[in-house]
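K.L.:
Residue numbers (the working numbering), protein chains in the order written: chain A, 109 to 498; chain B, 144 to 426; chain C, 16 to 212.
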Amino acid sequence: MVVAVKKGLARVQELYQDRSKRVKELKAEGKKIAGYLCIYPVTEIMTALDLVPYRVLGDMREPITKSDAYLPPVVCPFLRSCLDIGLKGRYDFLDAMITSHICDVGSSLSGIWRYTVKTPFHYNIDTPHTIHDTSLAQTKAVLKAFQTAMETFAGKKITPVMLENAIKKHNEQRAMVRELYESKKQDPPLITGSETLKVIKAIQSLPVNEGNALLREVISEVKTRVNKPLKKNARLLVWGSILDDTAMIEMIESLDAYVVMDDTCVGSRAFFDDVKLTKDPIDGLAQHYLVDIKCPRTFRTRDFYAVKKNYMEDLKSRFSYLADYVHDWHANGVILQSVRYCDTHGYEVPQIRDYLKEVGIPSIYLEHDYTEGALSPMKTRVQGFLEIIE
Amino acid sequence: MISIYFTGIDLGSTMTKVVIIDETEKLAAFVVQHTGAEHRRLANKVMEDALKQASLSIGAISYIVATGYGRINVPFADKQITELTCHARGIAHFFPNVRLGIDIGGQDAKGLKIKDGKLIDFVMSDKCAAGTGRYLEVVAQTLGLNLEDLGPISLKSTNKVSISSICTIFAQQEVINHLSAGASLEDIVAGLHDAIAGRVARMVKRLKVEPDVVFTGGVAKNIGVVKALEENLGCKIFVPEEPLLSGALGAALIARETALKAKAEGKLPRSGSRNMGEATFYR
Amino acid sequence: MYNEVKYRVDHGIAAINRPEKYRMSFEGLAPWHSLSFLDSLADRGWNFVCESAYSPGRPFTVDLTGVSDPVERYVRKRYRSLDKVIDQEFEPKEAAEVKEEIMREGSSNRLRLRHVREYQCDGVVLHVLLSCRSASSGLSLFADQLLDMYKVPSLIIEGDIIDTSLFNPVESLKKAEAFEDTMDHYKKVRKELGFEW
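1) Does chain A have any CB closer than 7 Å to the CB of C/Arg148?
2) Helix, strand or coil for B/Tyr425, going by three-state DSSP, please let me know.
3) Could you have a look at A/Arg343 and say whether DSSP puts it in helix, strand or coil?
4) Given that B/Leu262 touches chain A, what residues does it touch there, using C-beta distances under 8 Å?
5) Give a yes or no on whether 7 Å exceeds the smallest Cβ distance from A/Thr479 to chain B.
6) Cβ closer than 7 Å: which chain B residues qualify as neighbours of A/Arg489?
7) At which residue ranges does the stretch 126 to 152 of chain A contain complete alpha helix (DSSP H) runs of 4 or more residues, listed in the order of the chain?
8) Could you name the residues that DSSP lists as bridge partners for C/Glu42?
9) Does DSSP put C/Asn62 in a helix, in a strand, or in coil?
10) When you compare only the Cα positions, how much space is there between A/Tyr397 and A/Asn341?
11) Got a sec? Which residues, its chain only, sit under 7 Å from C/Lys190 by beta carbon, not counting five neighbours each side?
12) Can you give the Cα-Cα distance for B/Val332 and B/His177, rounded to whole angstroms?
13) Between A/Leu159 and chain C, is the shortest Cβ-Cβ distance under 7 Å, so that the two count as touching?
14) Residues of chain A with CB under 7 Å from B/Ile331, in chain order?
15) Taking the alpha-carbon positions, what's the B/Lys261 to B/Arg232 distance?
16) Can you give me, in chain order, the residues of the stretch 422 to 436 of chain A that have a beta carbon less than 9 Å from any beta carbon in chain C?
17) Out of B/Val162, B/Ile234, B/Met267, point me to the one whose CA is closest to B/Met346's CA.
18) Using CA coordinates, which residue listed in A/Arg163, A/Ile210, A/Val415 is at the minimum distance from A/Thr452?
19) Taking the alpha-carbon positions, what's the C/Ser40 to C/Phe105 distance?
20) What is the C-beta distance between C/Glu66 and C/Phe157, in whole angstroms, given that I count them as a contact (C-beta under 8 Å)?
21) Do you know offhand how far A/Asp176's Cα is from C/Val185's?
22) Are any of the Cβ atoms in chain A nearer than 7 Å to that of C/Ser40?
23) Is it true that the CB of C/Ile31 sits closer than 7 Å to the CB of C/Ala57?
24) Any C-beta of chain A sitting closer than 7 Å to the C-beta of B/Thr228?
25) So the candidates are A/Glu495, A/Lys292, A/Tyr478; which of them puts its Cα closest to the Cα of A/Cys190?
26) Helix, strand or coil, according to DSSP, for B/Ile247 in the structure here?
27) Count the C-beta pairs between the stretch 349 to 359 of chain B and the stretch 318 to 330 of chain B that are closer than 8 Å, then say yes if the count reaches three, no if not.
28) Is A/Leu338 buried or exposed, if buried means 16 or more other CB atoms sit within 10 Å of its CB?
29) From the beta carbon of C/Ser155, is the nearest beta carbon of chain A less than 7 Å away?
30) Determine whether the Cβ of B/Tyr425 lies closer than 7 Å to any Cβ atom of chain A.
31) Tell me the DSSP secondary structure of A/His209 in three-state form.
32) Straight-line CA distance for B/Leu396 to B/Ala344?
33) If you drop the 5 nearest sequence neighbours on each side, which residues of the same chain put their C-beta closer than 6 Å to that of A/Leu165?
34) Could you tell me which chain A residues have their CB closer than 7 Å to the CB of C/Leu145, listed as they occur along the chain?
35) Assuming B/His177 is part of the beta strand (DSSP E), what are its boundary residues?
36) Which residue wins for smallest C-alpha separation from B/Cys310, given the options B/Gly294, B/Leu279, B/Leu298, B/Lys299?
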């Protein structure tokens with residue numbers, strides 16, 4: 109019996125419901141699956157070694173029962189959820205677990221995962237947190253060490269040409285994601301925020317070639333859609349910590365609003381800057397993974413060595429890209445969201461709010477705890493915000 | 144000329160309030176009832192009581208706005224607006240110079256930044272009982288007092304105790320400790336009022352405290368909390384005659400505005416007939 | 016102070032001025048706002064013999080001949096200091112493993128585990144700080160490994176450096192009293208398994 113293979117958004121939906129089905133098939137065919145946490149592990153190196161990169165995420169709908177023994181309740185519920193489902197065996201198909209220094213709790217998680225989930229190969233990439241030249245040099249050394257470790261794991265070496273080809277494929281993916289996001293500039297956007305999240309989650313669950321093929325299907329489907337999303341009043345940008353479930357976006361889009369743009373990591377963050385092709389590919393990768401990705405875990409300031417700082421100039425240098433997003437995607441408001449206990453994102457909020465206030469962009473801050481129950485009171489806040497900016 | 148009327152329904156977690164006004168913004172009816180477990184489905188019953196009070200039939204109501212926690216469970220409403228926007232409108236109606244509205248209800252507390260009668264920013268606390276009416280219910284029960292007595296009793300205090308626990312449950316423990324240490328009832332109640340006021344003050348200070356500051360909600364009937372809030376915020380606080388009115392009134396005012404605007408544009412404010420039955424399921 | 020401590024050591028006088036009932040290790044930042052709590056534990060014969068937050072490793076020397084730049088001298092002294100501590104504490108093979116662990120995961124509990132054994136501790140107090148996630152998030156794993164490896168139990172006492180209302184000395188003392196039964200139990204378990212303490 110021939111089973112029709114789903115394409116485009118139907119395939120995206122299928123992957124959203126059972127994300128690991130495809131990689132398990134690939135594993136059965138003999139491929140090695142490299143799980144990675146957060147967008148700092150270099151997936152190009154994994155691709156160059158013919159490994160399948162697979163983003164480790166949590167499950168918002170699974171009550172956390174096992175990870176309390178290892179991570180106290182007052183830390184990031186997303187990481188607790190990742191550990192919880194790891195302890196429940198849902199990541200047993202991983203051959204490798206690659207973590208990076210996202211934050212202090214993320215680092216603890218790295219050690220705890222190795223001790224408790226026991227993925228056969230484990231590596232932690234110690235990416236620096238500032239963008240000085242010395243940090244960049246350090247990043248290059250760190251990535252070279254990562255490459256060597258992965259070569260040992262995979263049992264083969266990467267030549268610069270192999271790495272460059274992998275970079276090109278991943279850049280192709282980035283370009284297509286940007287093309288997809290272009291269609292969200294229209295009014296109404298051709299693809300909803302909820303659908304976008306599912307697409308990104310899907311491509312972070314597939315090898316790059318399959319992800320690229322899927323993106324091509326989705327882009328052409330979206331551009332020629334007959335059943336377009338209906339017109340709504342508000343166009344919003346969502347910024348903040350990881351959203352790996354559509355629940356919050358769906359809650360927002362159930363009101364008179366669309367999420368037309370995002371600055372999150374199951375979202376635009378990994379895709380909006382290409383890796384530059386450099387003679388030593390590690391140079392381009394270091395620049396991308398340390399400097400270009402705009403995640404608050406990396407500390408930026410206009411002039412590190414300035415004795416006296418101009419607050420607003422500093423904020424402008426750090427956040428003007430958000431104003432550009434708002435402008436280019438014709439958004440009329442920004443929703444800043446973070447998970448409870450995420451200091452990394454939480455600490456940025458007052459300054460982003462100051463900046464957005466300065467440039468006249470309305471914003472609201474929502475703190476949630478990575479459960480569905482938290483969404484109901486949030487709906488009132490979002491609706492109140494929409495009533496204000498109407 | 145036949146008068147037309149507008150209704151605001153504020154379906155809160157503890158109390159349901161209905162206001163009917165006419166086009167001159169005059170009050171035709173005001174009904175307050177306990178929401179309870181059943182009334183989330185039975186907004187239509189409260190509506191009927193309000194209509195009876197105003198001697199009107201449902202056909203006379205041109206537009207209905209539902210607000211509050213249970214606003215989704217009013218199937219006969221024409222629009223749902225958050226209690227944030229509605230409270231701001233309602234408060235500004237009686238206090239045109241209001242800049243900060245504070246509403247402490249049964250299960251939540253809100254700070255509303257208001258300018259020219261419109262909501263421009265807000266803070267909400269609805270994840271826990273501390274800083275809400277529930278806090279006072281719990282401690283009143285612990286002390287064997289009625290809610291209405293808390294205010295007058297606290298005014299007699301000369302040396303209020305300090306309640307340091309953030310959490311309502313732990314505050315109960317502290318109350319018991321104070322009682323066994325021999326502290327007077329007045330001083331304990333004053334300490335509790337200070338705790339709830341302090342918590343709410345910390346929340347609303349995020350919005351910048353500017354006069355006029357107006358306090359609404361069931362807890363505003365407690366003179367002890369009013370005084371404690373004034374102390375914690377360092378400014379005069381106004382309380383409307385009927386502190387439970389502002390949400391439903393604001394909703395009614397918005398209903399009136401919406402309907403009259405549509406009329407001026409030559410459109411019908413709403414289409415179709417109303418379903419006056421019960422809400423069919425909880426959301 | 017050195018002379019005073021030396022006198023105590025030479026004459027076998029316990030720091031807590033009474034017979035030692037339990038040898039304890041302390042993990043986490045000290046409860047600076049309520050140090051008297053530790054006195055109430057001392058009253059019960061709890062002697063904290065080691066802790067890891069503020070103790071430096073054993074002193075070591077670095078050859079700085081020919082290095083005149085003060086910044087470079089400082090960096091050379093501090094750089095690799097963790098390296099040296101590990102070399103001091105472990106045999107070369109294990110030292111290499113510990114370093115590998117730190118490089119791969121950012122930290123290793125083995126040093127702290129080693130101290131519990133070296134100082135022959137009966138129990139560890141884990142001072143989990145609600146707002147210091149950096150220090151607190153790894154403590155549960157440490158407690159687990161400790162029990163697994165050396166059959167030494169841990170007691171969690173929650174607190175905070177800034178918010179004193181999060182630390183409850185009355186409740187914590189109650190927990191400590193109950194914990195003594197646990198420590199007694201594991202003393203027996205260790206004896207049966209042939210541990211030296």
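Every residue gets a Cβ at the ideal spot worked out from N, C-alpha and C, and that includes glycine.
P.N.:
The short version:
1) Counting from 1 along the third sequence, the entry for residue 148 of chain C is found at position 133. Among the residues facing chain A, C/Arg148 is included, as its CB has a counterpart in that chain under 7 Å away.
2) Taking the first residue of the second sequence as 1, we reach residue 425 of chain B at position 282. Caution applies to B/Tyr425, whose pLDDT of 47 falls short of 50 and renders its modelled position unreliable; the model cannot decide the point.
3) Counting from one through the first sequence, the residue named residue 343 of chain A turns up at place 235. A/Arg343 falls in the strand class under three-state DSSP.
4) Here residue 262 of chain B refers to the residue found at position 119 when the second sequence is read from its first residue. Correct list: Gly492, Glu495, Ile496.
5) To locate residue 479 of chain A, count along the first sequence from 1; it is residue 371. No, A/Thr479 does not count as interfacial toward chain B.
6) On the first sequence, residue 489 of chain A is found 381 positions in, with the first residue counted as 1. The contact set of A/Arg489 on chain B, defined by CB atoms closer than 7 Å, consists of Met267 in chain order.
7) Listed in chain order, they are 129 to 136.
8) For the purposes of this step, residue 42 of chain C is taken as residue 27 along the third sequence, with counting starting at 1. Looking at the DSSP assignment, C/Glu42 forms a beta bridge with C/Leu141.
9) In the third sequence, the residue the question calls residue 62 of chain C occupies position 47. Here C/Asn62 sits in strand by DSSP.
10) By one-based count along the first sequence, residue 397 of chain A stands at place 289. By one-based count along the first sequence, residue 341 of chain A stands at place 233. In a straight line, the C-alpha of A/Tyr397 is about 37 Å away from that of A/Asn341.
11) Here residue 190 of chain C is taken as the residue at index 175 of the third sequence, counted from 1. Around C/Lys190: Leu170, Ile172.
12) Along the second sequence, one-based indexing puts residue 332 of chain B at 189. Along the second sequence, one-based indexing puts residue 177 of chain B at 34. Cα to Cα, the separation comes out at about 25 Å.
13) As a position in the first sequence, residue 159 of chain A is number 51, starting the count at 1. No, its Cβ sits nowhere closer than 7 Å to a Cβ of chain C.
14) Position 188 of the second sequence holds residue 331 of chain B. Result: empty, since nearest Cβ-Cβ is about 31 Å, beyond 7 Å.
15) Residue 261 of chain B sits at position 118 when you count from the first residue of the second sequence. Residue 232 of chain B sits at position 89 when you count from the first residue of the second sequence. B/Lys261 and B/Arg232 have their C-alpha atoms roughly 6 Å apart.
16) Residues are counted here when their Cβ sits less than 9 Å from a Cβ of chain C; for the stretch 422 to 436 of chain A the count is zero.
17) On the second sequence, residue 346 of chain B is found 203 positions in, with the first residue counted as 1. In terms of CA proximity to B/Met346, B/Met267 leads the group B/Val162, B/Ile234, B/Met267.
18) Mapped onto the first sequence, residue 452 of chain A falls at position 344. When only C-alpha atoms are compared, the closest one is A/Ile210.
19) The residue given as residue 40 of chain C occupies position 25 in the third sequence. The residue given as residue 105 of chain C occupies position 90 in the third sequence. Roughly 20 Å separates the two Cα atoms.
20) For the purposes of this step, residue 66 of chain C is taken as residue 51 along the third sequence, with counting starting at 1. For the purposes of this step, residue 157 of chain C is taken as residue 142 along the third sequence, with counting starting at 1. Rounded to whole angstroms, the Cβ separation of C/Glu66 and C/Phe157 is 13 Å, and the two are not in contact under 8 Å.
21) Here residue 176 of chain A refers to the residue found at position 68 when the first sequence is read from its first residue. Here residue 185 of chain C refers to the residue found at position 170 when the third sequence is read from its first residue. Answer to the nearest angstrom: the Cα atoms are 25 Å apart.
22) Along the third sequence, one-based indexing puts residue 40 of chain C at 25. C/Ser40 does not count as touching chain A.
23) Walking along the third sequence from the start, residue 57 of chain C turns up at place 42. Walking along the third sequence from the start, residue 31 of chain C turns up at place 16. C/Ala57 places its beta carbon less than 7 Å from that of C/Ile31.
24) Here residue 228 of chain B is taken as the residue at index 85 of the second sequence, counted from 1. Yes, B/Thr228 lies at the interface with chain A (some Cβ there is under 7 Å from its Cβ).
25) Within the first sequence, the letter at position 82 stands for residue 190 of chain A. Of all alpha-carbon atoms in A/Glu495, A/Lys292, A/Tyr478, the one lying nearest the alpha-carbon of A/Cys190 is that of A/Tyr478.
26) In the second sequence, the residue the question calls residue 247 of chain B occupies position 104. B/Ile247: strand per DSSP, three-state reduction.
27) Output reads no: the stretch 318 to 330 of chain B does not touch the stretch 349 to 359 of chain B.
28) As a working note, residue 338 of chain A is residue 230 in the first sequence. Under this definition A/Leu338 is an exposed residue.
29) As a first step, residue 155 of chain C must be located in the third sequence, where it is residue number 140. Yes, C/Ser155 lies at the interface with chain A (some Cβ there is under 7 Å from its Cβ).
30) For the purposes of this step, residue 425 of chain B is taken as residue 282 along the second sequence, with counting starting at 1. Since pLDDT at B/Tyr425 reaches only 47, below the 50 mark, its modelled position is unreliable, and no value is offered.
31) Position 101 of the first sequence, counting from 1, holds the residue named residue 209 of chain A. Three-state result, A/His209: coil.
32) Start at 1 with the first residue of the second sequence, and residue 396 of chain B comes out as number 253. Start at 1 with the first residue of the second sequence, and residue 344 of chain B comes out as number 201. Going by the C-alpha atoms only, they are around 28 Å apart.
33) The residue given as residue 165 of chain A occupies position 57 in the first sequence. Correct list, in chain order: Asp352.
34) Position 130 of the third sequence, counted from the start, is the residue given in the question as residue 145 of chain C. What C/Leu145 touches in chain A: Val182.
35) In the second sequence, the residue the question calls residue 177 of chain B occupies position 34. Per DSSP, B/His177 belongs to the beta strand (DSSP E) from 170 to 177.
36) Taking the first residue of the second sequence as 1, we reach residue 310 of chain B at position 167. Comparing Cα positions, the closest option is B/Leu279.
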